[in-house]
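Q: Per our numbering: the sequence shown = residues 20 to 123.
Right, I'll just put the structure down here and ask away after.
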Amino acid sequence: MANNIDERVEAKLDSIGQEEKEEILKNFSTFQSYLSGKVAAGEKMGLSDETLAKATEKVAGYLANHEEPRNREEHLLQQLWISGDKEQQQALSHMLLKLVKNGA
C-alpha cells in the first residue's frame, strides 16, 4: 500500500500546473488549507495517520527539493527538512500532519 500511496502522491505532484502551484504556495495559510483538504480526503478514504504522514513526508521532500520557498514559514520548513536526517524528517511530517489536522 505504501508504494501505491507514493506513486499516487508523485502523480498528483507532477500533475499540478505552475499556476496552481503558485496559488497553493503563495502564502503559508493557503498551503496549510490545501494540505488540510488533502488530509481530510485521505481520512474519508480510510487512510491511517501513518499513511497520511508518509504522504505528507513525500510532499515535504518534493517541496524541499523542487520548489523555492515563497515565504518565511516555507523557508523555515525547508531548512528544517534539509538539516534533518530521515528520522527527523519523519517526525517533522507527523508534526505537519498534526498541525493541519488541528486546523492551527
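Cβ coordinates follow ideal geometry from the N, Cα and C atoms, glycine included.
Return the chain-ordered list of same chain residues with a C-beta closer than 7 Å to the C-beta of residue 43, the five sequence neighbours on each side being excluded.
A: So the qualifying residues of the chain are 49, 50 and 53.
Q: Let me check understanding here. Comparing Cα to Cα, which of 86, 70, 67 and 64 lies closest to residue 32?
A: It is 86.
Q: Under three-state DSSP, which class holds residue 105?
A: In the structure shown, residue 105 sits in a helix (DSSP, three-state: H, G or I).
Q: Residue 115 and residue 70: beta carbons closer than 9 Å?
A: Result no, Cβ atoms of residue 115 and residue 70 do not sit closer than 9 Å.
Q: Give the secondary structure of residue 67 by DSSP, where H, G and I count as helix, E and B as strand, and everything else as coil.
A: Note: residue 67 maps to coil in three-state DSSP.
Q: When the Cα atoms are used, what is the spatial distance from residue 37 to residue 65?
A: The alpha-carbon atoms of residue 37 and residue 65 are separated by roughly 30 Å.
Q: Have a look at residue 4 and residue 104 and give me their C-alpha separation to the nearest angstrom.
A: In the structure displayed, the chain extends from 20 to 123; residue 4 sits before or after that span and is not available.
Q: Anyone know if the C-beta pair for residue 79 and residue 100 falls short of 9 Å?
A: Yes; because the gap between Cβ atoms is below 9 Å, this pair is in contact.
Q: Helix, strand or coil, according to DSSP, for residue 35 in the structure here?
A: Of the three classes helix, strand and coil, the one that applies to residue 35 here is coil, per DSSP.
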